[in-house]
Amino acid sequence: MNRQPFQQRTFRLVGQQQVAGLIGLIGNLPIDAANPLEVVIREEKKARKPDQNSLYWAGPLRDISEQAWVCGSQYSAETWHEHFKREYLPDDLSAGFDGRDVKDGYRKWTTTPSGSVVLIGSTTQLTVRGMAEYLDQVYAYGASMGVQFGARQ
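First residue of the sequence shown: 32, per my numbering; consecutive thereafter.
This is the structure we're talking about:
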């Protein structure tokens, strides 16, 4: 069978209308033994919540930027954010990678045409669970530096 590539579709089943649409689609899908389609049904991955992001910037990032010293220097919240992304974002190429912590299509790194490896991962690509784990790592790092969270200078 010679057919056009199938465009990926996602259905959020929140009511009978979506169920009916999905059933209609499945009933009309091409059957192709040489190039079969795959149907996957799973729980929706919940994206990181805005309040998790607000907590991150107003809480540990702010506290760490105000209190932590590294080799006699302090760094801005933006610099710490970049540092923590490199250190604590899940690495999709590592053996222990858990896809439940990130949204579909997530990648932490890419390679430029010159061969340089660049960070492209973002906390916006984390799920609720992934952001909670990320925050735990940031808090642990800050605590190891003597940061007192919630304390304002």
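Ideal Cβ placement from N, Cα and C applies to all residues, glycine included.
Return the bridge partner residues of residue i from the DSSP annotation.
i    : result
A78  : T158
V169 : Its beta-bridge partners do not exist; DSSP assigns none.
Kindly list the residues whose CB is nearer than 7 Å to the CB of residue i, restricted to its own chain and excluding five residues on each side of it in sequence; keep chain order.
i    : result
F37  : L68
V178 : D94, I95, Q98 and A99
Y106 : S96
T141 : V149 and I151
R43  : Q49 and E75
L60  : L68
F128 : P121 and D122
Taking CB distances under 8 Å as the criterion, tell me whether residue i reaches chain D.
i    : result
D122 : The structure shown contains no chain D; it is built from a single protein chain.
Would you tell me roughly how many angstroms separate the C-alpha atoms of residue i and residue j, rounded to the nearest one?
i    : j    : result
A191 : A89  : Lying outside 32 to 184, the shown extent of the chain, residue 191 is not represented and no answer is given.
A64  : V70  : 14 Å
S168 : Y119 : At residue 168 the sequence reads Gln, which differs from the Ser that was named. So the alpha carbons of these two residues sit roughly 7 Å apart.
V45  : Q156 : 23 Å
A174 : F180 : 8 Å
A51  : G58  : 11 Å
For residue i, which residues in the same chain have their Cβ closer than 8 Å to its Cβ, ignoring the five residues on either side in sequence?
i    : result
G161 : R79, P121, R131, D132 and V133
Report the option in the options whose CA atom is closest to the CA atom of residue i.
i    : options                  : result
R117 : R138, G181 and L86       : R138
Q39  : G136, V45, Y106 and S153 : G136
T154 : N33, F42 and Y87         : Y87
Q35  : G58, C102, I62 and A126  : I62
Check whether the Cβ of residue i lies closer than 7 Å to any heavy atom of the ligand HEM, and answer yes or no.
i    : result
M162 : The ligand HEM is absent from the structure shown, which contains no ligand whatsoever.
Report yes or no: do the segment 64-81 and the segment 105-123 share at least 3 C-beta pairs separated by less than 8 Å? No contact exists between the segment 64-81 and the segment 105-123.
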